[in-house]
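S.K.: I'd like to ask you about the structure that follows.
Number of protein chains: 2
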Amino acid sequence: MPLNQPSQAEGDFVLRGDVVYSGDPLTLRAFPDAFLVCRAGKSAGVFTRLPAEYSGLPLEDRRGKLILPGLTDLHIHAPQFGFRALGMDLELLDWLEKRAFPEEAKFSDPSYARLAYGLFTEAVRRGPGTRLCVFATIHPEATMILQDLLEESGLVSLVGKVSMDRNCPASLREEQGTVETWLALSAERKYRNTGPILTPRFIPSCGDDLLRSLGKLARSRDLPVQSHLSENRREIAWVRELCPASAHYAGAYRDFDLFGGGIPTIMAHCVWPEEGELQLIRERGVYVAHCPQSNTNIGSGIAPARRLLNRGIPVGLGSDVAGGIHSSIFRAMGDAIQVSKLRKALAESSAGAPAGTAAGAPIGEDDLRPLGLEEAFWMGSAGGGAFFNTGSFEEGKEFDCLVIDDADLAAPFPLSLRDRLERTVYLSEDRHIQAKYVRGKRIL
Amino acid sequence: MPLNQPSQAEGDFVLRGDVVYSGDPLTLRAFPDAFLVCRAGKSAGVFTRLPAEYSGLPLEDRRGKLILPGLTDLHIHAPQFGFRALGMDLELLDWLEKRAFPEEAKFSDPSYARLAYGLFTEAVRRGPGTRLCVFATIHPEATMILQDLLEESGLVSLVGKVSMDRNCPASLREEQGTVETWLALSAERKYRNTGPILTPRFIPSCGDDLLRSLGKLARSRDLPVQSHLSENRREIAWVRELCPASAHYAGAYRDFDLFGGGIPTIMAHCVWPEEGELQLIRERGVYVAHCPQSNTNIGSGIAPARRLLNRGIPVGLGSDVAGGIHSSIFRAMGDAIQVSKLRKALAESSAGAPAGTAAGAPIGEDDLRPLGLEEAFWMGSAGGGAFFNTGSFEEGKEFDCLVIDDADLAAPFPLSLRDRLERTVYLSEDRHIQAKYVRGKRIL
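Read top to bottom, the protein sequences are chains B and G. For reference, each letter of the first sequence is one residue, going 0 to 443 in numbering that gives the first Met the number 0. For reference, each letter of the second sequence is one residue, going 0 to 443 in numbering that gives the first Met the number 0.
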């Protein structure tokens with residue numbers, strides 16, 4: 000990962016409060032009135048009694064508050080933030096043409112980029128996320144503005160200047176060499192928290208030469224990659240036409256060496272994976288960004304998140320603004336649970352294939368079992384956070400943390416820590432975040 | 000409707016701002032910088048220039064703010080508010096037995112009722128709703144506490160002491176005569192804004208004698224009725240066993256004279272309506288409370304809201320807390336749109352029957368078309384509001400109104416009034432409500 004290590008300078012300290020984090024997809028670790036220790040920007044663990052060796056550290060007393068890991072958004076389009084929650088009545092390919100592309104074209108103007116990315120950055124700074132993987136636009140200058148703003152915010156991010164050179168308006172067509180220009184500009188800035196990520200938009204908008212050159216860059220410069228995979232059935236059919244020699248959509252990325260296997264890779268969506276794709280994703284260690292709200296809003300379907308988890312594929316959550324309307328990963332957790340319930344209810348009501356079933360992918364009974372709180376919370380914290388070595392309070396993880404004042408989410412009876420987490424996932428708003436730490440530094 | 004008319008005493012006034020309301024399910028009426036006139040608790044209309052006859056009225060200047068009708072929640076369970084967003088992992092019948100019934104049993108204790116209903120009432124007072132149809136529990140005393148609190152809040156509500164006497168814990172079994180006792184208590188209070196509504200829980204929990212007596216009460220005392228209809232397939236099969244002589248679930252209510260035909264009636268859900276039920280609903284003028292989030296959370300499915308609208312059935316929205324987690328009808332509007340998109344996406348992916356298809360109900364192509372903003376906003380305002388003669392600013396409608404300060408939902412480009420409404424539906428929180436009027440009286 001092209002991010003520097005957290006610096007020692009942030010200081011060491013102890014947070015006292017009600018600590019909850021995810022041990023694995025099925026296990027919450029909950030510690031009422033516990034001590035969470037930060038050393039050099041990393042977690043030194045959670046303790047029910049403060050060990051003597053840490054007794055001299057500054058203690059931040061947050062008793063009664065919920066202390067959770069910072070959340071990771073594995074997939075968000077910063078230039079689309081401006082038109083989130085507007086005109087949500089189109090499916091993917093029409094939506095790209097009519098809404099996303101015209102708005103993204105405006106980012107050729109740096110002053111527009113400064114305005115729009117300023118609104119975006121302030122919104123994610125105030126939310127529960129501490130890490131994000133961001134699509135920008137094709138414009139190097141606007142992308143640098145976004146990177147500067149994110150660096151200032153204290154959030155940790157990987158930002159991709161988008162690459163695309165076919166099936167798009169002329170104004171959004173990449174010229175040769177712009178990726179290298181942008182990478183050079185990024186390197187000059189010597190950011191601490193902001194790294195570049197190669198970002199071919201998706202196969203339909205990238206010609207073979209462009210994909211090949213990005214694959215080579217990823218290997219030679221040790222850069223991560225993000226893109227979209229198997230989101231919508233019209234799109235998948237189109238990729239089949241565009242890449243007749245590839246086994247499937249995932250195979251097309253692999254054929255250009257843009258699909259894991261030593262290259263840290265995130266693929267958004269996977270709503271309609273074929274069996275061969277699932278195997279390739281797993282073999283190559285590719286992360287899937289599950290974006291339930293976007294898949295709903297632009298009518299793509301319901302991704303088989305349970306099946307991905309069952310296969311041992313690393314899965315995190317993405318808000319996918321502006322396919323998704325809400326930039327909070329708490330909302331994405333709730334959405335993931337809800338759509339998984341509909342996936343089961345509708346599969347059972349139908350004699351046909353359930354959602355997310357493509358040729359050759361067998362559906363086990365358990366593949367339809369809805370996600371629970373544990374799995375959704377895991378995906379949005381530890382699951383996606385693993386891409387950045389954060390998302391839990393296991394010793395050695397980078398210290399990203401939220402302090403939540405959930406007093407006004409109380410019930411007329413006592414709540415367990417699990418109950419309070421569930422309420423926070425479904426009901427909290429940004430105003431409930433009392434403090435936010437990234438790599439040990441308080442940014443909110 | 001057993002509600003008194005709004006009083007003249009609230010005074011007459013004019014609100015100036017950006018007015019939007021629903022003309023019909025497909026039409027928004029939007030008036031930038033307009034004058035909305037309230038006379039004697041009713042709307043006197045919206046004017047782009049203030050007519051001379053109103054020029055002497057007090058003017059409340061809300062220029063730049065969005066002025067919308069108050070929203071109506073046609074279906075909410077007040078005693079379940081305390082456990083909303085907790086343990087959302089059960090389907091309907093298990094959820095009733097394990098979560099809803101044990102919590103409702105606590106309302107035999109008036110002090111618990113005061114605590115829990117106090118939290119509920121304060122939450123709905125602060126939200127965008129101005130009218131609500133509420134299920135309480137079987138307990139007359141606790142129900143009176145809820146009615147007192149709602150009356151104090153200034154909201155307008157119909158509240159039902161729940162009736163049930165079979166297939167439920169002994170502690171929640173209705174004794175004969177308690178409905179009459181409760182109706183007598185309610186009449187004594189001389190409420191202005193709070194009326195009683197007969198509330199058989201649903202067919203499985205009400206024996207024939209109880210249903211028959213409620214039907215007689217509805218006719219003889221001119222009382223409205225609310226209940227649940229065709230929510231979950233296990234439930235529907237159970238009703239078929241319990242009422243073998245009735246044509247279907249809706250027919251069972253009709254056979255006890257609890258189904259419209261001069262009795263104002265609301266039935267929640269209708270996720271799996273048969274063709275005969277749709278015809279009966281329409282013939283008898285029964286309102287359907289569409290509760291998309293609850294249907295998702297407890298795994299019921301996706302109600303065919305488009306088909307109900309196409310048939311000319313009156314449809315409003317319900318939060319159905321605590322099957323639903325969120326008590327805001329703005330959220331219900333967004334959910335209604337989103338699940339309608341999934342209904343289409345999943346029907347198209349399957350060779351089998353789409354969601355919401357039961358025996359004999361033909362699906363037209365248009366039945367799968369997702370709901371748009373217009374239809375969702377209509378259902379949550381004018382559609383459900385029609386049950387109370389409110390929900391729009393047409394002349395003569397009771398004056399319920401929200402003033403929304405949406406400044407922090409701005410975009411980096413100008414927004415139309417429709418855009419601002421769409422953002423408000425998807426993104427607003429209670430804090431965006433700057434003022435709320437019910438029957439011409441400001442309550443927030």
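We put the beta carbon where it would ideally sit given N, CA and C, even for glycine.
Would you mind giving the Cβ-Cβ distance between residue 392 (chain G) and residue 35 (chain G), rounded to the nearest angstrom? I have them listed as a contact below 8 Å.
M.R.: 6 Å
S.K.: Residue 383 (chain B): buried (16+ other C-beta within 10 angstroms of its C-beta) or exposed?
M.R.: Its Cβ being crowded by 16 or more others within 10 Å, residue 383 (chain B) is buried.
S.K.: Go to residue 445 (chain G), then tell me how far its alpha helix (DSSP H) extends in each direction, as first and last residue.
M.R.: As displayed, chain G neither begins before 0 nor continues past 443, which places residue 445 (chain G) out of reach and without an answer.
S.K.: Buried or exposed: which applies to residue 322 (chain G), given that a residue is buried once 16 or more other Cβ atoms fall within 10 Å of its Cβ?
M.R.: Buried is the call here.
S.K.: Would you say residue 442 (chain G) reaches chain B, if we count a Cβ-Cβ gap shorter than 8 Å as a contact?
M.R.: no
S.K.: Is it a yes or a no for the region 301–316 of chain G touching the region 104–111 of chain G, going by three-plus beta-carbon pairs under 8 Å?
M.R.: no
S.K.: Distance, Cα to Cα, residue 180 (chain B) vs residue 139 (chain B)?
M.R.: 7 Å
S.K.: Buried or exposed for residue 51 (chain B), please, with buried defined as at least 16 other CB atoms from any protein chain shown within 10 angstroms of its CB.
M.R.: exposed
S.K.: Does any residue of chain B have a CB that is nearer than 8 Å to the CB of residue 248 (chain G)?
M.R.: no
S.K.: Decide if residue 264 (chain B) is buried, meaning its Cβ has at least 16 other Cβ atoms within 10 Å, or exposed.
M.R.: Flag for residue 264 (chain B) reads buried.
S.K.: Are there three or more Cβ pairs, one per stretch, closer than 8 Å when the region 267–276 of chain G is compared with the region 286–297 of chain G?
M.R.: Yes: the two stretches touch, three or more of their Cβ pairs being nearer than 8 Å.
S.K.: Do residue 67 (chain G) and residue 13 (chain G) have their C-beta atoms within less than 8 Å of each other?
M.R.: no
S.K.: Mind checking if residue 422 (chain B) is an interface residue toward chain G, Cβ cutoff 8 Å exclusive?
M.R.: yes
S.K.: Residues of chain G with CB under 7 Å from residue 295 (chain B), in chain order?
M.R.: 337, 340 and 341
S.K.: Buried or exposed: which applies to residue 282 (chain B), given that a residue is buried once 16 or more other Cβ atoms fall within 10 Å of its Cβ?
M.R.: exposed
S.K.: Spell out whether any CB of chain G is found under 8 Å from the CB atom of residue 431 (chain B).
M.R.: no
S.K.: Between residue 232 (chain B) and residue 443 (chain B), how many whole angstroms is the CB-CB distance? I'm expecting something under 8 Å.
M.R.: With a contact defined as Cβ atoms closer than 8 Å, residue 232 (chain B) and residue 443 (chain B) miss out at about 41 Å.
S.K.: Beta carbons nearer than 9 Å to chain B: which residues of the region 277–305 of chain G have them?
M.R.: 292, 294, 295, 296, 297, 298, 299, 300 and 301
S.K.: Just the C-alpha distance for residue 350 (chain B) and residue 298 (chain B), rounded to the nearest angstrom, thanks.
M.R.: Unreliable positioning characterises residue 350 (chain B) in this predicted model, as indicated by a pLDDT of 42, which lies under 50. A coordinate reading is not provided.
S.K.: What separation, rounded to the nearest whole angstrom, lies between the Cα atoms of residue 197 (chain B) and residue 160 (chain B)?
M.R.: 7 Å
S.K.: With a 10 Å radius around its C-beta and 16 neighbouring C-beta atoms as the bar for buried, classify residue 175 (chain B) as buried or exposed.
M.R.: exposed
S.K.: Strictly below 9 Å CB to CB, what residues from chain G border residue 31 (chain B)?
M.R.: Going along chain G, no residue has its Cβ under 9 Å from residue 31 (chain B), so there is no contact; the nearest lies around 17 Å.
S.K.: Given that residue 75 (chain G) touches chain B, what residues does it touch there, using C-beta distances under 7 Å?
M.R.: What residue 75 (chain G) touches in chain B: nothing, since even the nearest Cβ is about 16 Å away.
S.K.: Hey, quick one: how far does the alpha helix (DSSP H) through residue 18 (chain G) stretch, first residue to last?
M.R.: Premise fails: residue 18 (chain G) lies in the beta strand (DSSP E), 12–23, not in any alpha helix (DSSP H).
S.K.: Since residue 106 (chain B) meets chain G, which of its residues come closer than 9 Å, beta carbon to beta carbon?
M.R.: What residue 106 (chain B) touches in chain G: nothing, since even the nearest Cβ is about 10 Å away.
S.K.: If contact means a Cβ-Cβ distance below 8 Å, which residues of the region 110–133 of chain G contact chain B?
M.R.: 111, 114, 115 and 118
S.K.: What do you reckon, are the CB atoms on residue 398 (chain B) and residue 42 (chain B) nearer than 8 Å?
M.R.: Yes, the Cβ-Cβ distance between residue 398 (chain B) and residue 42 (chain B) is below 8 Å.
S.K.: Which bits of chain B does residue 82 (chain G) rub up against, with CB to CB less than 7 Å?
M.R.: 410
S.K.: Extract the residue ranges of the beta strand (DSSP E) inside the region 224–312 of chain B, only unbroken runs of 3 or more that lie entirely within it.
M.R.: 224–228, 264–268 and 286–289
S.K.: What is the DSSP secondary structure of residue 26 (chain B), reduced to helix, strand or coil?
M.R.: strand
S.K.: Whole-angstrom Cβ separation of residue 23 (chain B) and residue 65 (chain B), contact assumed at under 8 Å?
M.R.: Going by Cβ atoms, the distance from residue 23 (chain B) to residue 65 (chain B) rounds to 20 Å, so no, they are not a contact pair.
S.K.: For residue 355 (chain G), which residues in the same chain have their Cβ closer than 8 Å to its Cβ, ignoring the five residues on either side in sequence?
M.R.: Confidence at residue 355 (chain G) is low in this model, with a pLDDT of 47, below 50, so the placement of that residue should be treated as unreliable; the coordinate-derived value is given next. Cβ within range, chain order: 270, 271, 272, 300, 301, 302, 303, 306 and 342.
S.K.: In this structure, how does DSSP classify residue 352 (chain B) when only helix, strand and coil are distinguished?
M.R.: Since pLDDT at residue 352 (chain B) reaches only 46, below the 50 mark, its modelled position is unreliable, and the value read off the structure follows with that caveat. It is coil, neither helix nor strand.
S.K.: Below 7 Å between beta carbons is the criterion; list the residues of the region 187–200 of chain B that meet it against any residue of chain D, in chain order.
M.R.: Any reference to chain D falls outside this structure, whose protein chains are B and G.
S.K.: Going by the DSSP bridge assignment, what does residue 209 (chain B) pair with across the sheet?
M.R.: The partner list for residue 209 (chain B) (beta bridge, DSSP) is empty, contrary to what the question assumes.
S.K.: Ordered along the chain, which non-local residues of its own chain (more than five positions away) have a Cβ less than 6 Å from that of residue 369 (chain B)?
M.R.: 339, 340 and 343
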